[in-house]
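Peer 1:
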Amino acid sequence: MKSTVHEGLDAFIHTLIGKYKSYSLNLNKLKKQCQLILDNSDQFGSLSDLQIAKEINKIKQFFLSKKEVKDQDFNRAFSLIVEIMDRTINKRPYLVQVLGALCMYKQYAIEMQTGEGKTLTAALSAVLFSWTNKPCHIVTTNDYLAKRDAKSLEPFYNCCGLNVGFIESEMQENERRENYTCHITYATSNNLLADLLKDQMKVDYDFDSTKEKIRKISNSNYYHKRVMRGLFMAIVDEADSVLGDDAITPLIISSKEKDTEFHQASQLSYQAIKQYQKDVDYKVYKDIKVIQVTDKGHQKIKNISQSYPLSWKPIYRCSYLIKQALTAKYFYTCDKQYVILDEKIVIVDEKTGRLMDQRSWSHGLHQAIEAKESLALSDPTKTSEKMSFQSFFRNYEILTGMSGTFHKIEKELWRIYELAVVRIPHRLKKKHIYYNDVICIDKQSQQQRLISEIKNKSEKGRAILVGTRTVKESQELANLLNSQDINNVVLNALYQKQEEEIIKNAGSKSCVTIATNMAGRGTDILLENDVLSCGGLHVIATERHDSRRVDLQLYGRASRQGQSGSSIAILSLEDQLLVLHLPKPFKQFLSKYFKFWLCQKFTLLCYIVIQFIIEKQSSKTRVKQLIHEIKLRQSMSFAGRS
0 MKSTVHEGLD
10 AFIHTLIGKY
20 KSYSLNLNKL
30 KKQCQLILDN
40 SDQFGSLSDL
50 QIAKEINKIK
60 QFFLSKKEVK
70 DQDFNRAFSL
80 IVEIMDRTIN
90 KRPYLVQVLG
100 ALCMYKQYAI
110 EMQTGEGKTL
120 TAALSAVLFS
130 WTNKPCHIVT
140 TNDYLAKRDA
150 KSLEPFYNCC
160 GLNVGFIESE
170 MQENERRENY
180 TCHITYATSN
190 NLLADLLKDQ
200 MKVDYDFDST
210 KEKIRKISNS
220 NYYHKRVMRG
230 LFMAIVDEAD
240 SVLGDDAITP
250 LIISSKEKDT
260 EFHQASQLSY
270 QAIKQYQKDV
280 DYKVYKDIKV
290 IQVTDKGHQK
300 IKNISQSYPL
310 SWKPIYRCSY
320 LIKQALTAKY
330 FYTCDKQYVI
340 LDEKIVIVDE
350 KTGRLMDQRS
360 WSHGLHQAIE
370 AKESLALSDP
380 TKTSEKMSFQ
390 SFFRNYEILT
400 GMSGTFHKIE
410 KELWRIYELA
420 VVRIPHRLKK
430 KHIYYNDVIC
440 IDKQSQQQRL
450 ISEIKNKSEK
460 GRAILVGTRT
470 VKESQELANL
480 LNSQDINNVV
490 LNALYQKQEE
500 EIIKNAGSKS
510 CVTIATNMAG
520 RGTDILLEND
530 VLSCGGLHVI
540 ATERHDSRRV
550 DLQLYGRASR
560 QGQSGSSIAI
570 LSLEDQLLVL
580 HLPKPFKQFL
590 SKYFKFWLCQ
600 KFTLLCYIVI
610 QFIIEKQSSK
620 TRVKQLIHEI
630 KLRQSMSFAG
640 RS
């Protein structure tokens, strides 16, 4: 595990080393090597399956016995892998895919154009790593992709003398253990980290004393209690999100504890805030998501505290629950941050648009939201183990990744993971038309413009993908289109189980698909020939996200593999990004002079500036959080825990 993060002058020098590593890689030389690999793969075309199997056994033994493989032997092995992929799944790798796999084998992160075949690129490098007989984890963004890729590539891996498994959230422990014994395992970062923490809990529980340690170590059955085989090699898909944007979030393993008094206090708190007046008893700062209780508000808390259960009578405890109730009221909205399924609150990941049904908010927030929605309150949780994804991925001996958008995050990846980024050249010229962004004065005019755009493209036979930020917005837009007799299909957290079928039909002629970020990453929409002939997929963004990379991922659903496609953003002055981050007088100024062309252009510039500031602040926060976590771990080691 990497034990430090460089600071000060060390950080500056370390950054220079990272830049040197990125620029010192001779891509032209590697291209020639890759072309040689592709040319030499033809010599294996005449071999029978039995002869191929014998060659594989020889090469596997060679990789196991040698620490360093000579270029000649490596090229021969890679050529054989290329032939096997063509033979088993009828897909012959392109030069850029071989180049990408080679760069990842050299432990670089690769930026590869969306639609150029990152799935096959990861598979090629996974075989090379797995021939060392050490576990290789391929990290996907969701369970659906983990299962899809593992199943579709299984014939290829098997012919290479390897077996492959995948992890789904619903799997039981024995099934998980069986899949982790495979050479290659596809899984989400959530599943991997959760299984690691559960394994660590077993170790902490069993190792009671020195004698117990000796007894357990000497007992081989002890290790069978673990699910994972260890952390050796990870290939991370959509690495900019997994290793960057989402990496600061800790994954917490917790246990539920019954607490009747806490339930009563939570209910009382939500009833109490109904008597509170905004800006009199409390103030709401939406831009930084903070609730501040005023002196008058604190006086009210003192007055009602005596009605609370005994353990919650102290003023500071009452005040805490009141703040959580207000937080639930103002910052958490149904069909945005969460949905209600089977009378339960289910969290929605705002970045991916997917349900996180095995997660709950901590510190009483989950119960505050349940009280707000008049649902039965769940039991509070007690943290057993937790770890951030940053710390988790730093545990891997070898870490690499790929994405189509490493925009503005290369420096952070090097500083935290010592992972340098290289850009793989495009195989095909991008046939993508980026239409100028459209800005509307309010939501109503934006909706009218959306209807016009969808009708226009639908009449031409184009397949249309409309991206929204939340479940609520996707449902509202669907209802609006239905009122205009425009057929549409919705893909959001409520229809997660129908995802495969919805994506399968999304490339049909005149098909309109309204989707949250579920369709933003890893989604490959296959287009009908009629759609391709009239311009391909047309993507419409209805809002900007905090990160420009998320916007680019949505646009990347179109024009894949050299196909035609287009995209446009139809925005509004009432968009969340502007509402939260522009000063109120400034927004009023923009509204007043909106009819002027220059004002509209300036508004679009505001989006760019806000996204830049948010991305920069988020990156700094992630680095600071990791430094704090490392220092905390080091200080705890003096107390006998590491």
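Position 580 (the sequence shown) corresponds to 579 in numbering that gives the first Met the number 0; numbering is contiguous.
Quick reminder that beta carbons are idealized off the backbone N, C-alpha and C, glycines included.
Just the C-alpha distance for Lys623 and Gly403, rounded to the nearest angstrom, thanks.
Peer 2: Indexing the sequence shown from 1 puts residue 623 at position 624. Indexing the sequence shown from 1 puts residue 403 at position 404. Rounded to the nearest angstrom, the two C-alpha atoms are 26 Å apart.
Peer 1: How long is the line joining the alpha carbons of Glu472 and Asn481, rounded to whole angstroms?
Peer 2: Here residue 472 corresponds to residue number 473 of the sequence shown, with the count starting at 1. Here residue 481 corresponds to residue number 482 of the sequence shown, with the count starting at 1. So the two alpha carbons sit approximately 14 Å from each other.
Peer 1: Mind checking who Phe165 pairs with in its DSSP beta bridge?
Peer 2: Your numbering for residue 165 matches position 166 in the sequence shown. For Phe165, which the question treats as bridged, DSSP gives the partners Tyr185.
Peer 1: Given this structure, state the Cα-to-Cα distance separating Lys285 from Tyr329, to the nearest angstrom.
Peer 2: Within the sequence shown, numbered from 1, the residue matching residue 285 stands at position 286. Within the sequence shown, numbered from 1, the residue matching residue 329 stands at position 330. Near 8 Å, if we compare the C-alpha coordinates of Tyr329 and Lys285.
Peer 1: Could you round the C-beta distance between Val465 and Ile524 to whole angstroms and report it? I think they count as a contact, below 8 Å.
Peer 2: Translated into positions along the sequence shown, residue 465 becomes position 466. Translated into positions along the sequence shown, residue 524 becomes position 525. The Cβ separation is near 13 Å, so there is no contact.
Peer 1: Check for me: the alpha helix (DSSP H) holding Ala568 runs from which residue to which?
Peer 2: Numbered from 1 along the sequence shown, position 569 holds the residue referred to as residue 568. Here Ala568 belongs to no alpha helix (DSSP H); instead the beta strand (DSSP E) covers 563-571.
Peer 1: Is there at least one non-hydrogen atom of the ligand COA closer than 8 Å to the beta-carbon of Ile251?
Peer 2: In terms of ligand content, the structure shown is empty, and the ligand COA therefore cannot be addressed.
Peer 1: Drop a sphere of 10 angstroms on the beta-carbon of Lys322, count the other beta-carbons inside from all chains shown, and report buried for 16 or more, exposed for fewer.
Peer 2: Locating residue 322 in the sequence shown gives position 323, where the first residue counts as 1. With 16 or more other Cβ atoms within 10 Å, it is buried.
Peer 1: Quick check on the burial criterion: 16 or more other C-beta atoms within 10 angstroms. Buried or exposed for Val81?
Peer 2: Here the question's residue 81 lines up with position 82 in the sequence shown. Val81 comes out buried.
Peer 1: Since Val725 is in the alpha helix (DSSP H), which residue starts that stretch and which ends it?
Peer 2: In this structure the chain extends from 0 to 641, so residue 725 is not present and cannot be described.
Peer 1: Whole angstroms is fine: what's the gap from Leu161's alpha carbon to Ala149's?
Peer 2: As a working note, residue 161 is residue 162 in the sequence shown. As a working note, residue 149 is residue 150 in the sequence shown. For the pair Leu161 and Ala149, the Cα-to-Cα distance works out to about 12 Å.
Peer 1: Looking at the structure shown, is Tyr281 part of a helix, part of a strand, or coil, going by DSSP?
Peer 2: For the purposes of this step, residue 281 is taken as the residue at position 282 of the sequence shown. If DSSP states are grouped into helix, strand and coil, Tyr281 belongs with the strands.
Peer 1: Unbroken alpha helix (DSSP H) runs of length 4 or more, entirely within the region 245-302: which are they?
Peer 2: 259-271
Peer 1: Which first and last residues belong to the beta strand (DSSP E) in which Leu325 is found?
Peer 2: In the sequence shown, the residue the question calls residue 325 occupies position 326. Note, Leu325: premise wrong, no beta strand (DSSP E); alpha helix (DSSP H) at 314-330.
Peer 1: Taking the C-alpha atoms as reference points, what is the distance between Lys189 and Ser590?
Peer 2: Here the question's residue 189 lines up with position 190 in the sequence shown. Here the question's residue 590 lines up with position 591 in the sequence shown. With the sequence shown as reference, residue 189 is identified as Asn, and Lys is not the correct amino acid for it. Approximately 43 Å between the Cα atoms of the pair.
Peer 1: Can you give the Cα-Cα distance for Lys201 and Arg175, rounded to whole angstroms?
Peer 2: Sequence index remark: in the sequence shown, residue 201 carries index 202 (1-based). Sequence index remark: in the sequence shown, residue 175 carries index 176 (1-based). Rounded to the nearest angstrom, the two C-alpha atoms are 16 Å apart.
Peer 1: Within 10 angstroms of the Cβ of Ile612, are there 16 or more other Cβ atoms? Answer buried if so, exposed if not.
Peer 2: Residue 612 sits at position 613 when you count from the first residue of the sequence shown. With fewer than 16 other Cβ atoms within 10 Å, it is exposed.
Peer 1: Can you tell which of Asn157, Leu526, His580, Ala327 has its C-alpha closest to the C-alpha of His544?
Peer 2: On the sequence shown, residue 544 is found 545 positions in, with the first residue counted as 1. That would be His580, whose Cα lies nearest to the Cα of His544.
Peer 1: Return yes when the Cβ of Gly99 is within less than 9 Å of the Cβ of Ile88, no when it is not.
Peer 2: Your numbering for residue 88 matches position 89 in the sequence shown. Your numbering for residue 99 matches position 100 in the sequence shown. Not closer than 9 Å, so no.
Peer 1: Thinking C-alpha only, which one of Asn487, Val226, Glu384 is nearest Asn173?
Peer 2: To locate residue 173, count along the sequence shown from 1; it is residue 174. Nearest of Asn487, Val226, Glu384 to Asn173, Cα basis: Val226.
Peer 1: How would you write the range of the beta strand (DSSP E) that Lys508 sits in, first residue to last?
Peer 2: Looking up residue 508 in the sequence shown gives position 509. No beta strand (DSSP E) contains Lys508, which DSSP labels as neither H nor E.
Peer 1: For His406, name the three-state secondary structure that DSSP assigns.
Peer 2: The residue you call residue 406 lines up with position 407 of the sequence shown. In the structure shown, His406 sits in coil (DSSP, three-state: anything other than H, G, I, E or B).
Peer 1: Taking Thr139 as the reference, which of Gly400, Arg468, Glu452, Tyr606 has the closest Cα?
Peer 2: In the sequence shown, residue 139 corresponds to position 140, counting from 1. Closest by alpha carbon: Gly400.
Peer 1: Does Ala125 come out as helix, strand or coil in the three-state DSSP assignment?
Peer 2: Here residue 125 is taken as the residue at index 126 of the sequence shown, counted from 1. Note: Ala125 maps to helix in three-state DSSP.
Peer 1: Please report the straight-line C-alpha distance between Asp236 and Phe388, rounded to a whole angstrom.
Peer 2: On the sequence shown, residue 236 is found 237 positions in, with the first residue counted as 1. On the sequence shown, residue 388 is found 389 positions in, with the first residue counted as 1. C-alpha separation (whole angstroms): 14 Å.
Peer 1: DSSP state of Gly243, grouped into three classes?
Peer 2: As a working note, residue 243 is residue 244 in the sequence shown. Correct three-state label for Gly243: helix.
Peer 1: If contact is defined by three or more beta carbon pairs under 8 Å, each pair taking one atom from either stretch, is the region 250-269 in contact with the region 370-386?
Peer 2: yes
Peer 1: Around the C-beta of Lys69, are 16 or more other C-beta atoms found within 10 angstroms, so that it is buried, or is it exposed?
Peer 2: If you number the sequence shown from 1, residue 69 lands on position 70. That one is exposed.
Peer 1: Helix, strand or coil for Thr602 per DSSP?
Peer 2: For the purposes of this step, residue 602 is taken as the residue at position 603 of the sequence shown. Correct three-state label for Thr602: helix.
Peer 1: I need the boundaries of the alpha helix (DSSP H) containing Ile63, first residue and last residue.
Peer 2: Locating residue 63 in the sequence shown gives position 64, counting from the first residue. Checking the sequence, you will find Leu at residue 63 rather than Ile. Run containing Leu63: 48-64, per the alpha helix (DSSP H) assignment.
Peer 1: Are Trp311 and Thr14 touching if we call contact CB-CB under 9 Å?
Peer 2: As a position in the sequence shown, residue 311 is number 312, starting the count at 1. As a position in the sequence shown, residue 14 is number 15, starting the count at 1. For Trp311 and Thr14, no; Cβs fall outside 9 Å.
Peer 1: Quick check: what's the CA-CA separation for Gly296 versus Ser306?
Peer 2: Taking the first residue of the sequence shown as position 1, residue 296 is located at position 297. Taking the first residue of the sequence shown as position 1, residue 306 is located at position 307. Cα to Cα, Gly296 sits roughly 16 Å from Ser306.
Peer 1: In this structure, does DSSP put Gly3 in helix, strand or coil?
Peer 2: Within the sequence shown, residue 3 is the residue found at index 4, counting from 1. Sequence inspection shows Thr at residue 3; the Gly mentioned does not correspond to that position. DSSP places Thr3 in coil when its eight states are reduced to three.
Peer 1: Roughly how many whole angstroms lie between the Cα atoms of His654 and Lys288?
Peer 2: Since the first residue of the chain shown is 0 and the last is 641, residue 654 is not available in this structure.
Peer 1: Since Ala557 and His431 should fall inside the 8 Å C-beta cutoff, what is the C-beta to C-beta distance between them, to a whole number of angstroms?
Peer 2: On the sequence shown, residue 557 is found 558 positions in, with the first residue counted as 1. On the sequence shown, residue 431 is found 432 positions in, with the first residue counted as 1. With 8 Å as the limit, Ala557 and His431 qualify as a contact, their Cβ atoms being about 6 Å apart.
Peer 1: Can we say the region 428-446 touches the region 481-497, given the rule of at least three CB pairs closer than 8 Å?
Peer 2: no
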